[in-house]
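Peer 1: Below: one structure in structure tokens.
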Amino acid sequence: MKDLQLGESATICCLKDPEMALKLLEMGCIPGTRVRLNSRAPLGCPITLVVGDGEDYTLSLRVSEAATIFLK
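Sequential numbering from 1 applies to the sequence shown in UniProt numbering.
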């Protein structure tokens, strides 16, 4: 996630932290789902992701939460 540039898209591959995975799954961060990095706050945290191929919704995450998402 940290290598994703603003406006770039990627597909969620897997979720690293089992505890955080449940929260992320409930928010729609399911392996195979496309996400696009929409913005970063001035100090880098939080970030916003647009989730889904149809840009279904925007999700705001702490950088530490986003770091548990592996992309391909």
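All C-beta atoms in this analysis are idealised placements derived from N, C-alpha and C, irrespective of residue type, glycine included.
Only a predicted model underlies this, so the values are computations on that prediction, with no experimental measurement involved.
Quick one: what does DSSP say residue 10 is sitting in, helix, strand or coil?
Peer 2: Three-state DSSP puts residue 10 in a strand.
Peer 1: If you reduce the DSSP assignment to three classes, tell me which class residue 43 lands in.
Peer 2: Residue 43: coil per DSSP, three-state reduction.
Peer 1: Report yes if the CB atom of residue 69 is closer than 9 Å to the CB atom of residue 6, and no otherwise.
Peer 2: Result no, Cβ atoms of residue 69 and residue 6 do not sit closer than 9 Å.
Peer 1: So, residue 49 versus residue 35, is the Cβ gap smaller than 9 Å?
Peer 2: In this structure, residue 35 lies closer than 9 Å to residue 49 by Cβ.
Peer 1: Strictly by DSSP, which residues pair up with residue 15?
Peer 2: Answer is 69, bridged to residue 15.
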